[in-house]
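> Numbering (this note's numbering), first residue to last: 104 to 321.
Where a beta carbon is used, it is the ideal one built from N, C-alpha and C, also for glycine.
Submitted below is the structure of interest, expressed as structure tokens.
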């Protein structure tokens, strides 16, 4: 069978391209912005690991990494964004500010034992001392209570679609408004950082803070 991976990870790849296109249609921001898609994430984050080992610029000059992975087409809008490893770095301020403008709040991963913080392409950057973040639109408890279709769709995808040939685009079922909101948030967060002089830090007490301070000579 052919595994097209329409949700995981064509949704994230399409979002990456849409955000990149938006940047090309406006004046260049103050900072350079690099868009790249990595390969072999499922095999062990090999593409991201390769980039970190062979960076296109000095790692100390990378202000932050916004990682797009799987994004979910199960609602016209989301009330929240899940951030695996919430509390790790100040990149959350950029995502959080943009999310708030769409009426969303940042929430913790409800299933951290699945290892989402360590299984996506932001992780090689973080463990090397470069702030990174992955955030994805999701329902909060109020939205789950109000829309009884959401949890069954997630459960059906995880059982029948995730890493299966059945992960296909379905125009009759997919509701793209939530993913569009994710894209807006990533664009606004990235653009705000690219226009700033800020160097987002890791949270005090995390081991990555020491690595970042050494990298930047602080």
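Assign residue 163 to one of three DSSP states: helix, strand, or coil.
In this structure, residue 163 counts as helix in the three-state DSSP scheme.
> Cβ of residue 284 less than 8 Å from any chain D Cβ?
Looking at the structure shown, chain D is missing, and only one protein chain is on hand.
> Is it right to say residue 170 is buried, meaning 16 or more other beta carbons lie within 10 angstroms of its own, or is it exposed?
Buried is the call here.
> Between the alpha carbons of residue 301 and residue 140, how many angstroms are there, rounded?
The alpha-carbon atoms of residue 301 and residue 140 are separated by roughly 25 Å.
> Report the rounded CA-to-CA distance for residue 241 versus residue 113, giving the unit in angstroms.
When rounded, the distance between both Cα atoms is 18 Å.
> Taking the CB atoms as reference points, tell me whether residue 227 and residue 148 lie closer together than 8 Å.
It is a contact, given that the beta carbons lie within the stated cut-off.
> Tell me whether the beta-carbon of residue 144 lies closer than 8 Å to the beta-carbon of residue 224.
Their beta carbons are under 8 Å apart, which means residue 144 touches residue 224 by this criterion.
> Output yes or no for whether 8 Å exceeds the beta carbon distance between residue 192 and residue 304.
Yes. Within cutoff.
> Specify, as a first and last residue, the run of the alpha helix (DSSP H) that residue 393 falls within.
An answer regarding residue 393 cannot be provided, because it is not within the stretch 104 to 321 covered by the chain.
> Taking 8 Å as the cut-off, decide whether the C-beta atoms of residue 208 and residue 183 are in contact.
Cβ distance < 8 Å, so residue 208 and residue 183 count as in contact.
> Just grab the DSSP bridge partners of residue 247 for me.
BP columns for residue 247 are empty, so no partner.
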